[in-house]
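One structure below.
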Amino acid sequence: VSDVGGTGNISSDVSVSDFNTGTSGQKSLRVTDTELSATFNTVGGQVSVDDRVVNVTGSSLGSNTVAFVFVDERGNTYYTDVTTDDDNTFDEDDLNIGSNLQEGQVSAHVLTVGRDNEFGDGGIESRSSGDAYNDLDQFASDLDNQSLTGQQVRSRLLEETTEATASDDRMVTTRFRLTDSRTTINSVYPDGMQASGVNPVGVDDEMVVEGRTNLRPDDNSITVELLTQDGDSVALTTTEDWGYDGKYEVSIELEDVQTGTYTLEADDSYNSDTVEVEIVQSVETATPEPTPTEEPTATPTATAEPTPEPTPEPTAKPTATATPTTTEGGGPGFGALVAVIALIAAALLAVRRDD
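Following the UniProt record's numbering, the numbering of the sequence shown begins with 1 at its first residue and continues without gaps.
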């Protein structure tokens, strides 16, 4: 772009000398795709019909407007939109979800247009002023006036936006339950002796009450009151402080409260919950039973296999050597002499037999 001289109309043609004598500058541009993020904060996944607002934060690149379409199961539809801050973020503490939605499951659809600056393939354009978001608002209103179920409305919404041919629209979807306001008492116990359920509390103790609610914190309050059987109030406290998990906790001083049975009531101005609690002279701190020490399981010792004794080799008995018989006497002729004597003896014996 050039405006040599700085006044008058900008010439369509600029000579090289004029261009060179002018001032110039440059700046880098970063081109990004469209992006969308959104996070809803509901109380324990619920929105009370007495609140009908949600907390939502997020960011949008490529569009300064962010649209929200809420659809219930009966096909009732509500449209709203917000404008992003200079840093492309948005933070809505009390985003209205409309008064026409019925109790039950509700889907929340967050949408931004793509680079073509129209939703879908342009099928819903020119329904009003020609602005894409005004057109979407009118489209949502038309859906609300038709006899469609929630699922049919969602299908039509997708067909005309993110699921249309060549669409580069962005959408984030979440669900929550729209329901009656509800506040309950879950646990009662003496301070420092946390326990579930409703427990007796000593007259000298501080009573701790825990419960749940689906009402938004800060915008609502819960009053917890201790009443006699005749309905007379003896102690109370109020809180506006709890998280989006819906859990609240309060403490009640029991000064000048007598022993007996009392009614404990939690009231959120829309509904209440009551339980009976015993105020006793004192509550003994339960001595925790010692945890039995587990005896170590004896690991069986493997019995050693006996080492086989080697079979002794039989000891060879020495073969007895024959001892030679010693013949006494000796010498040449000795054997013949003995033979002669034997013959003479035999002859004498024979003679005697003959006689």
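Where a beta carbon is used, it is the ideal one built from N, C-alpha and C, also for glycine.
Given a cut-off of 8 Å, decide if residue j and residue i are closer than it, judged by their beta-carbon atoms.
| i | j | result |
| --- | --- | --- |
| residue 394 | Glu265 | With the chain represented from 1 up to 355, any question about residue 394 goes unanswered, as that position is not in the structure. |
| Thr149 | Gly104 | no |
| Thr80 | Leu143 | no |
| Thr83 | Asn55 | no |
| Ala38 | Val106 | no |
| Val280 | Thr263 | no |
| Val203 | Val257 | yes |
| Arg170 | Thr34 | yes |
| Gln46 | Arg216 | no |
| Glu92 | Pro200 | no |
| Arg53 | Asn96 | The identity of residue 53 in the sequence shown is Val, whereas the question assumes Arg. In this structure, Asn96 lies closer than 8 Å to Val53 by Cβ. |
| Thr173 | Phe40 | no |
| Gly211 | Tyr248 | yes |
| Val43 | Tyr244 | yes |
| Ile124 | Glu160 | yes |
| Tyr133 | Ala195 | no |
| Thr261 | Gln229 | yes |
| Phe102 | Asp72 | In the sequence as displayed, the identity of residue 102 is Gln instead of Phe. Contact: yes. |
| Ala108 | Phe70 | yes |
Quick one: grab the DSSP three-state call for residue i.
| i | result |
| --- | --- |
| Gly150 | helix |
| residue 404 | Nothing in the structure corresponds to residue 404, since the chain is present only between 1 and 355. |
| Arg74 | coil |
| Phe119 | coil |
| Val14 | coil |
| Asp135 | helix |
| Asp91 | strand |
| Leu343 | helix |
| Ala166 | coil |
| Ser99 | coil |
| Leu254 | coil |
| Arg156 | helix |
| Glu145 | The sequence shown places Asn at residue 145, rather than the Glu named in the question. The answer is helix: DSSP assigns Asn145 an H, G or I state. |
| Ala67 | strand |
| Thr161 | coil |
| Ala108 | strand |
| Thr325 | At Thr325 the pLDDT is 43, less than 50, meaning the model places this residue with poor confidence; the figure from the coordinates comes in the next sentence. Note: Thr325 maps to coil in three-state DSSP. |
| Gly331 | Note that Gly331 scores 48 on pLDDT, short of 50, meaning its location in the model is unreliable and no value can be drawn from it. |
| Thr21 | helix |
| Thr319 | With a pLDDT of 48 at Thr319, under the threshold of 50, the modelled position of that residue is not reliable, and the figure given next carries that caveat. In this structure, Thr319 counts as coil in the three-state DSSP scheme. |
Residue i bridges to which residues according to DSSP?
| i | result |
| --- | --- |
| Arg212 | Thr184, Lys247 |
| Val277 | Tyr262 |
| Val234 | None, per the DSSP bridge assignment. |
| Ser272 | Asp267 |
| Pro190 | Met207 |
| Asn41 | Asn55 |
| Ile222 | Thr239 |
| Thr60 | The question names Thr, but residue 60 in the sequence shown is Ser. According to DSSP, which records beta bridges pairwise, Ser60 is partnered with Leu36. |
| Ser48 | Thr179 |
| Gly130 | In DSSP, Gly130 forms no bridge with anything. |
| Thr84 | Partner(s): none; Thr84 has no beta bridge. |
| Thr173 | His109 |
| Val283 | Answer is none; Val283 lacks a bridge partner. |
Assuming residue i contacts residue j under a Cβ cut-off of 8 Å, what Cβ separation, rounded to an integer in Å, is found between them?
| i | j | result |
| --- | --- | --- |
| Leu36 | Thr112 | 5 Å |
| Asn88 | Ser60 | 6 Å |
| Thr223 | Trp242 | Their Cβ separation, rounded to whole angstroms, is 13 Å, which puts Thr223 and Trp242 out of contact at 8 Å. |
| Met193 | Val283 | 7 Å |
| Asp219 | Asp51 | 7 Å |
| Gly58 | Phe90 | 6 Å |
Sorry if obvious, but does the Cβ on residue i come closer than 7 Å to a heavy atom of the ligand FAD?
| i | result |
| --- | --- |
| Glu103 | For the ligand FAD, the structure offers nothing, since it holds no ligand at all. |
Across the segment 179 to 187 and the segment 267 to 276, are there enough close Cβ pairs to call them in contact, namely three or more that are closer than 8 Å?
With a cut-off of 8 Å, the segment 267 to 276 and the segment 179 to 187 count as touching, because enough Cβ pairs lie within range.
Using 8 Å as the cut-off, can you tell me whether the segment 250 to 261 makes contact with the segment 227 to 237, which would need three or more C-beta pairs spanning the two stretches below that distance?
Contact holds: three or more Cβ-Cβ distances are below 8 Å.
Could you say if the segment 159 to 167 and the segment 182 to 199 meet the contact criterion of at least three C-beta pairs nearer than 8 Å?
Between the segment 159 to 167 and the segment 182 to 199, the count of Cβ pairs shorter than 8 Å is below three; the stretches do not touch.
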